[in-house]
Structure formats: structure tokens, C-alpha cells
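**Student:** Chain order of the listed sequences is C and X. The opening position of the first sequence corresponds to residue -13 in the working numbering, with each subsequent residue numbered one higher. The opening position of the second sequence corresponds to residue 376 in the working numbering, with each subsequent residue numbered one higher. Just so it is clear, CB atoms sit at the ideal spot from N, CA and C, and this is done for glycine as well.
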Amino acid sequence: MTKSDPNGPRRLALIASKGTLDWAYPPYILASTAAAMGWEVGIFHTFYGLTLLLKEMQATVTPLGNPAMPMKMPFGPTGFQAINWPIPTAMMAAPGFNALATGLMKKLFKDKGVASIPEMRAMCVEAGVNMIACQMTMSVFGFEKDDFIPECTVAGAATFLEYAADAEVQLFV
Amino acid sequence: MTTLKADKTLDCSGMLCPVPVIKTSKAIKEVQVGEVLQMIATDPGAPADMEAWSRQTGNELLDSHKEGDKFVFYFRRVK
Chain C
-13 MTKSDPNGPR RLALIASKGT LDWAYPPYIL ASTAAAMGWE VGIFHTFYGL TLLLKEMQAT
47 VTPLGNPAMP MKMPFGPTGF QAINWPIPTA MMAAPGFNAL ATGLMKKLFK DKGVASIPEM
107 RAMCVEAGVN MIACQMTMSV FGFEKDDFIP ECTVAGAATF LEYAADAEVQ LFV
Chain X
376 MTTLKADKTL DCSGMLCPVP VIKTSKAIKE VQVGEVLQMI ATDPGAPADM EAWSRQTGNE
436 LLDSHKEGDK FVFYFRRVK
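1) Do A452 (chain X) and I403 (chain X) have their CB atoms nearer than 7 Å?
2) So M57 (chain C) and P49 (chain C) are supposed to be a Cβ contact under 8 Å. How far apart are they, rounded?
3) Verify whether the separation of the beta carbon atoms of P13 (chain C) and A22 (chain C) is less than 7 Å.
4) Is S439 (chain X) helix, strand or coil when you go by DSSP?
5) Using a Cβ cut-off of 9 Å, pull out every chain X residue sitting near V111 (chain C), in sequence order please.
6) Run through chain X and tell me which residues come within less than 7 Å of S102 (chain C), C-beta to C-beta.
7) Please work out which residues of its chain come closer than 6 Å, Cβ to Cβ, to L157 (chain C), disregarding the five sequence neighbours upstream and downstream, and give them in chain order.
8) Quick one: give me the first and last residue of the alpha helix (DSSP H) that C168 (chain C) is part of.
9) Between I397 (chain X) and chain C, is any beta-carbon pair separated by less than 7 Å?
10) Count the other CB atoms within 10 Å of the CB of G35 (chain C); is the residue buried (16 or more) or exposed (fewer)?
11) In the DSSP output, what is Y449 (chain X) paired with across the bridge?
12) Helix, strand or coil, according to DSSP, for F134 (chain C) in the structure here?
13) For the candidate residues C:T37, C:T123, C:I15, whose alpha-carbon lies nearest to that of D424 (chain X)?
14) With distances taken from CA atoms, which of C:A113, C:E148, C:L40, C:T46 is nearest D132 (chain C)?
15) At 3 residues or longer, and completely inside the stretch 3 to 32 of chain C: list those beta strand (DSSP E) runs for me, N to C.
16) What residues of chain X sit near M117 (chain C), judged by a beta carbon separation below 7 Å?
17) Using a Cβ-Cβ cutoff of less than 6 Å, which residues in the same chain neighbour L412 (chain X) once the five nearest sequence positions on both sides are dropped?
18) Can you tell me which residues form a DSSP beta bridge with M122 (chain C)?
19) Reducing DSSP to helix, strand and coil, say where A68 (chain C) ends up.
20) Would you verify that the beta carbon of L391 (chain X) is, or is not, closer than 7 Å to some beta carbon of chain C?
21) Give me the Cβ distance between K4 (chain C) and V159 (chain C), rounded to the nearest whole Å; I'm assuming they're in contact under 8 Å.
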């Protein structure tokens, strides 16, 4: 989709390739902010990023294989909250740890006044962000368009590249 | 202290990026062209972000100052 008006609003073309709770934030923050500034925005959800479009989104996070992730508690006195807990890698593999880490990150973000990922996604949709699902990834992982939020459109690489070629800002996340 | 009169006030205290920008972009549409929106925020990134939002949208930033731990902005809706 090329720009019909060269003097129209700026365009942001994003690729969201990761479906975890932590990595869902950068594309949705940038997209919603750009839309709030009057820009036209499209997000191409590909590979694991495609799961962010599921009606029942289940984005989680784990420190396993994610060594820079701060492990801080969202409760207790300030000094306690400042501790970056050295969690042994073997413990991260324990059943339930993924759910624990996800719950802690959600609480931390909520307490700090950051919107949740479902809220961020809703803000993008409300602002008219073009939520694009990658056709190839859908075919590979066996997703149907009905699995996703109704506002999404389905497209392939060539369609997205044509869209991105007319964007002032293009980012891969 | 400013003597600017606001037609609407939006309090974004306790909210972090990008929520104040998004709420401001919605609230500015709820005042008439020429009217003034006051926005209050505690996000440390708000002063730079709200200036950028003003430049990008064309809505005029009339005043920006700090009151205690809060940042106070006045925007005039331009279009």
C-alpha cells in the first residue's frame, strides 16, 4: 500500500517478531505513540509476534535465556525492591517459574503505571494502527484469521515491503 | 505560577510512557480549536515527550513548568 498523498502524515512501519510479554512492549509503545502524534502506523506481526494478535493473548516472560532481565520484586520495602535477585538457571526451569516471572513482571509494570499489553494492543487498534498478520507464519503454525482480533489484516512480505518503502521510519523488533 | 485558563484538565499523575501522550492526544480532541488543555504528569520523560508531541501534531505548547513533583503543560488545540 503506497502513500496516496506524499504530503500526508508521516508513516511508521514496524515488524513485531517476538511474542513474549517483555518484547511486546516496544512495538506497541512506539505504534500507539506514533498514532497519537498523527502518524500512520502499520505493524507486521510475524513469527512469534503473530501470537500477539490472538483473541486470547497469552504473552508470558521468563528470565531463562534472557540474562539481562532484572529480577526484582514488585512488593516490600524500597531496599528489598531494589535487589536484583541472582536466580540460578536451573531454578528458572522449574515448573511454574514462567508463570511466577510473568506474574511478577505484570505486577511491577502495573504498579509503575505502565499499561498492560492487552491495554496497549487495544490502544493501537483504537488509534487505527494497521495490525498486519503474516500469512506465511499463519500457514506454518496453523493459525486461521478467526483466531485473531477482527481488526487485523493478513498480508505477505511483498505487501509489507511496499508499505514500508513509503514509511519515514521502519523498525524491526 | 501561570495565569493561563484551561478549558479542560487531564491528570496523568502516576502514569508512564506512552500513556500520557496517548491520553493527551485523545483529550485535545475534546476541546474546540483555539481552546486550551491543561495536562498534569509525573512521568520524568513527559517534558521532552510532550514537546515532541506538540511539534508533531502542531498543537501549540503554551506553557510547561514544574509544580512540586508534577509537570504541568498547557496546549492550545490548533486544528
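**Tutor:** This is what the structure gives:
1) Looking at the sequence itself, residue 452 (chain X) is Arg, so the reference to Ala does not match. Between R452 (chain X) and I403 (chain X), the C-beta spacing is below 7 Å.
2) By a beta-carbon distance limit of 8 Å, M57 (chain C) contacts P49 (chain C). Their separation comes to about 6 Å.
3) It is not a contact, given that the beta carbons lie outside the stated cut-off.
4) Note: S439 (chain X) maps to strand in three-state DSSP.
5) Think of a sphere of 9 Å around the beta carbon of V111 (chain C): no beta carbon from chain X falls inside it, the nearest being about 12 Å out.
6) In chain order: nothing, as chain X lies at least about 11 Å away.
7) The residues are L0.
8) What is shown of chain C runs -13 to 159, which leaves residue 168 (chain C) out entirely.
9) Contact with chain C is found for I397 (chain X), since one of that chain's Cβ atoms lies less than 7 Å from the residue's Cβ.
10) Buried.
11) Per DSSP, X:Q413, X:D438.
12) Judged by DSSP in its simplified three-state form, F134 (chain C) adopts strand.
13) Closest by alpha carbon: C:I15.
14) That would be C:L40, whose Cα lies nearest to the Cα of D132 (chain C).
15) Listed in chain order, the complete beta strand (DSSP E) runs (minimum 3 residues) inside the stretch 3 to 32 of chain C are 26 to 31.
16) None at all; the shortest Cβ gap to chain X is about 16 Å.
17) Hits under 6 Å: K383, A402, I403, V406, F450.
18) According to DSSP, residue pairing for M122 (chain C) in a beta bridge does not occur.
19) Here A68 (chain C) carries a coil assignment [DSSP, helix/strand/coil].
20) Yes, because at least one Cβ of chain C sits closer than 7 Å to the Cβ of L391 (chain X).
21) About 7 Å; that satisfies the 8 Å criterion.
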